[in-house]
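Below is one structure; the comments refer to it alone.
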Amino acid sequence: MLPFADQTPMPTPTSTVDPNLVTPGFVGFAIVVVLVVAVILLIWDMNRRIRRVRYREEVREELDAEEAALREKDDEKDA
0 MLPFADQTPM
10 PTPTSTVDPN
20 LVTPGFVGFA
30 IVVVLVVAVI
40 LLIWDMNRRI
50 RRVRYREEVR
60 EELDAEEAAL
70 REKDDEKDA
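Take 0 as the starting number for the sequence shown in numbering that gives the first Met the number 0 and just add one per residue.
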């Protein structure tokens, strides 16, 4: 520990860059808002499409079940 005791501490560097030049500002904020709105709209549209596909599948299953019931009824009449 003694060899490190005689070293002088390093000074902290001062900022030489203007913080207004490196911040995103209004343009960056506007881009983020546009991206968030676009993502929300895409998610909303995707949910709507998935729901539509699910409903179509449920209707197909109901129609298939009705058709099978009618076939069984016709088979009973023929027998």
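Cβ atoms here follow ideal geometry from the backbone N, Cα and C, with glycine treated the same way. Just so you know, these numbers come straight off a predicted model, no measurement behind them.
In chain order, what residues of the same chain lie with their CB nearer than 7 Å to the CB of V16, ignoring the 5 residues before and after it? none
Helix, strand or coil, according to DSSP, for M45 in the structure here? helix
Could you tell me which whole beta strand (DSSP E) segments of length 3 or greater appear in the segment 3 to 65? none
Nearest-angstrom Cα distance between R48 and E56? 12 Å
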